[in-house]
Amino acid sequence: MSTFPTATPAPGPDHDFGGRAFPPRDDGTVVGVGIDVVGIARLTEMLERTPALLERLLTPSERALSAASRAARVAAKEAVGKALGAPGDFSWQDVTVERTGVRRPYLRLRGATLRAAEQQGVAHLHLSLSHDGDIATAIVVAERGRP
1 MSTFPTATPA PGPDHDFGGR AFPPRDDGTV VGVGIDVVGI ARLTEMLERT
51 PALLERLLTP SERALSAASR AARVAAKEAV GKALGAPGDF SWQDVTVERT
101 GVRRPYLRLR GATLRAAEQQ GVAHLHLSLS HDGDIATAIV VAERGRP
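Going by the UniProt record's numbering, the sequence shown opens with residue 1, and the numbers climb by one from there.
What follows is the structure, given as structure tokens:
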């Protein structure tokens, strides 16, 4: 016989909150989630120290952006790799961030990164970018299409 009392699960912080819950899916719809943060000043210093790094990390249209936007693009590329399970032959040039007419960011893939996404059945990549102070961040959710 146990000397420890049997605990009744405590209600969660939203137990009496009401509203609508959005639990995580467990049906395989989400292939992966990736997040990355980049120090804006650190990236700027690296690019100044090693100018060839600019061409290695960023596509031509991304190179002329502000330091904060360049850092967010680098974070987005890292987040894509994480969301896709770090494809082995990932190239920085295979991922670029574009914007819709209302400036919403989205991803365009090619090469090995596109092949990795297609092999996993990815139909949508959701992207969120942010920068504040000296930090840029990106989150990517890779989602399968409907069967």
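Backbone N, C-alpha and C fix where the C-beta goes; we use that ideal spot for every residue, glycine too.
Item, Value
"Can you tell me where the alpha helix (DSSP H) holding P24 begins and where it ends?", "Run containing P24: none; DSSP gives neither H nor E here."
"Which of the three DSSP states is assigned to P105 in this structure?", "strand"
"Using DSSP with H/G/I as helix, E/B as strand and the rest coil, what is R146?", "coil"
"Starting from the C-beta of L53, find all residues in its chain whose C-beta is less than 7 Å away, skip the five residues before and the five after it, and write them out in chain order.", "M46 and L47"
"Along the chain, which unbroken stretches of the alpha helix (DSSP H) at least 4 residues long are found entirely within the region 72-128?", "111-119"
"Which residue marks the beginning of the alpha helix (DSSP H) containing T44, and which one marks its end?", "I40 to R49"
"How many Å lie between F17 and F90 at the Cα?", "44 Å"
"Could you check if E118 is buried or exposed, using at least 16 other CB atoms within 10 Å of its CB as the buried criterion?", "exposed"
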